[in-house]
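Report on one structure; see the data block that follows.
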Amino acid sequence: MACSGRKTLSFLLVFMLVYLHGASSQATGPAGQRKPFFERLRRLEEQSLEEDSQATALAVNRSQAIVLGDLAHLKSWVRKSQRRSRKVDTQLQALHLTLSAQGRQWAQEADEQKARQEALASLARDVQAMQDTLARLTLQIHSQGARLAVFEGHLQTDHHGPSAPALTLALTPSQPTKPGPGSLQLQRGRHTPGASALQNHPEDTSTLADPSIHRSLVRPQDPSQLARVPQGQGHICNVGPVFIFPNASTQNVLSFSPGLLSALRALSFCSWIRAAAGHLGTLLSYATQDNDNKLVLHGRDSLAPGSIHFVIGDPAFRELPLQPLLDGQWHHVCVVWASTEGRYWLHVDRRLAATGSRFRAGYEIPPGGSLVVGQEQDRVGGGFDGAEAFVGSVAGLAIWDRALVPGEVADLAMGRGLPTGAILTLANATWAGGFVRRISCTCLEHCP
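In numbering that gives the first Met the number 0, the protein residues as written are 0 to 447.
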């Protein structure tokens, strides 16, 4: 224990001596000790500042390089944009020139089209004026034809005496007349199934060429003289096929398909007809979806003998006298209608048998319907009634989309060939049903 205590005391004494020596050293030279410290500190600061400046310079250099690179890219993009802009400007200028040229061309074409439209309008007016003039000329021709028919009737009456035609035109002054038992006027209404067309339409004058002349139909007392075969009828040849309707079966029908290809503002229906029954059946029936009686030459057993209804756009009709057809001989019949003023004419064996006006004036018969011969349609292509069926023979049937003049009608009745422009003939028939027979005859006198 004594030994360890002495060692501790010796250590403390040595420590005290060292401490005192150090304290004395600091007291004698403080300035010399602090100077190297500040120099080191200054050097450290300078070194730090130099490193910072170098780093800053390096960063600035890098930023400058980046900016220069961006500026180079920007300059390159600007140059490319300028080139593209010049190209776009060039294209825009070319497009402007093209559009200007097209605009001038369009304006020129518009002017030309306007000029063509004006020319077409002027042409349409001229055509309309020509059509009106043609219609007036047609009316005048038919009027002259009516006068000639009247004079011809007088001449033949004077020449033949008692053997005069059964159905003649009696000219009387326009003052009221009292029809006797031997005369049959068109303004009659004696059959009970339906009133006369002229009574239903009093505005129809049913006049011949001169309005001051009143027409009545003279019926001879002898039934055998109801019709006279026109001169030379037995030598009427080359009329084409003959279709025979042997009985009143509803299956007996002659169909045309298509019916009418275009609208009609004028119409001529002509045919050789030999009726085998005591009444006239339906000669022609044209039906559409909205009206089954657009165009009908309608006869049935309940009408007055020899009468037939000329229907255009049901319910408008006119009653036509066809008594000459009841003798069982061949007769030529033409029914002509014009939308202008609604004029119509009935020719029987070259003679004007009836005429009138204000019948469906301005009307147009539409296309696309069903056209049949020998039956009356109560619906498109059907609805037939045996009481309305035609019994007899038909030859040389034809339809025109214009009004035939009397000279053309006379040529037809004398077998001199068809006038030009027929839109339908018996050669266009597409189907014959029932007991209808088609035969060929050299001349009408040889047909059964």
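By construction, the Cβ of each residue, glycine as well, lies at the ideal position given by its N, Cα and C atoms.
Just so we're clear, the structure is a prediction, and the values are computed from it rather than from any experiment.
- The shortest CA-to-CA distance from proline 257 to any of Phe14, Asn427 and Leu48 is the one to Asn427.
- In terms of Cβ geometry, leucine 296 and phenylalanine 268 form a close pair [threshold 8 Å].
- Listed in chain order, the non-local C-beta contacts of histidine 308 below 8 Å within the same chain comprise Gly193, Ala196, Val295, Leu296, His297, Gly298, Leu302, Phe316, Arg317, Glu318 and Leu319, local neighbours out to five positions each way being set aside.
- Counting every other CB atom within 10 Å of its CB across the protein chains shown gives proline 447 a total below 16, marking it as exposed.
- Ranking Gly361, Cys333 and Gly373 by CA distance to the CA of threonine 354 puts Cys333 first.
- Under DSSP, the beta-bridge partners assigned to arginine 342 are Ala337.
- DSSP, read as helix, strand or coil, puts glutamate 49 in helix.
- The alpha carbon of glutamate 363 has as its nearest neighbour, out of Ile311, Ala412 and Ile65, the alpha carbon of Ile311.
- Shown here, valine 295 sits in a strand according to DSSP, grouped into three states.
- In this structure, the alpha-carbon of threonine 339 lies about 50 Å from that of alanine 100.
- When Thr132, Gly280, Ala64 and Val404 are compared, the shortest CA-CA separation from aspartate 384 is found for Gly280.
- Three or more beta-carbon pairs separated by less than 8 Å link the stretch 281-291 to the stretch 356-376, which places the two stretches in contact.
- In this structure, the straight-line span from the alpha carbon of serine 261 to that of threonine 89 is close to 57 Å.
- A straight-line Cα-Cα distance of about 6 Å links alanine 431 and serine 254.
- In the DSSP assignment, histidine 331 forms a beta bridge with Trp271.
- Under DSSP, histidine 308 takes part in a beta bridge, and its partners are His297 and Glu318.
- Its Cα nearest to that of aspartate 377, the residue Thr249 stands out among Thr249, Arg115, Val404 and Ala274.
- In this structure, valine 393 places its C-beta atom within 8 Å of the C-beta atom of serine 270.
- Cβ neighbours of leucine 411 within its own chain (closer than 6 Å, five residues either side excluded): Cys269.
- Arginine 437 is bridged by DSSP to Phe242.
- Contact between alanine 397 and threonine 419 is absent: CB atoms are separated by about 11 Å, not below the 8 Å threshold.
- With contacts defined as CB atoms closer than 8 Å, alanine 247 and alanine 388 qualify as a contacting pair.
- Excluding sequence positions up to five before and after tryptophan 76, its CB lies less than 6 Å from no other CB in the same chain.
- Here the C-alpha atom of lysine 79 lies approximately 21 Å from the C-alpha atom of alanine 93.
- Distance from the CA atom of aspartate 400 to the CA atom of glutamine 104, rounded to whole angstroms, is 43 Å.
- If you compare the alpha carbons of Asp313, Leu263, Val252 and Phe150 with that of phenylalanine 434, the shortest gap goes to Val252.
- Using a 10 angstroms sphere on the CB of glutamine 53, the tally of other CB atoms stays under 16, which defines it as exposed.
- When secondary structure is reduced to three states using DSSP, glycine 391 falls in the strand class.
- By the Cβ-count criterion, alanine 286 is buried, with 16 or more other Cβ atoms from all chains shown falling within 10 Å of its own Cβ.
- According to the DSSP assignment, glycine 280 belongs to no beta strand (DSSP E), since it is labelled neither H nor E.
- CA-CA distance, glutamate 44 to leucine 11, rounds to 42 Å.
- Measuring C-alpha to C-alpha distances from isoleucine 235 to each of Arg85, Gly416 and Ile422 identifies Gly416 as the nearest.
- As the crow flies, the alpha-carbon of glutamate 117 is around 35 Å from that of serine 356.
- At least 8 Å separates the beta-carbon of aspartate 326 from that of alanine 386.
- For alanine 352, there is no enclosing alpha helix (DSSP H); the residue is part of the beta strand (DSSP E) that begins and ends at 350-355.
- Valine 372: not part of any alpha helix (DSSP H); member of the beta strand (DSSP E) spanning 369-372, first to last residue.
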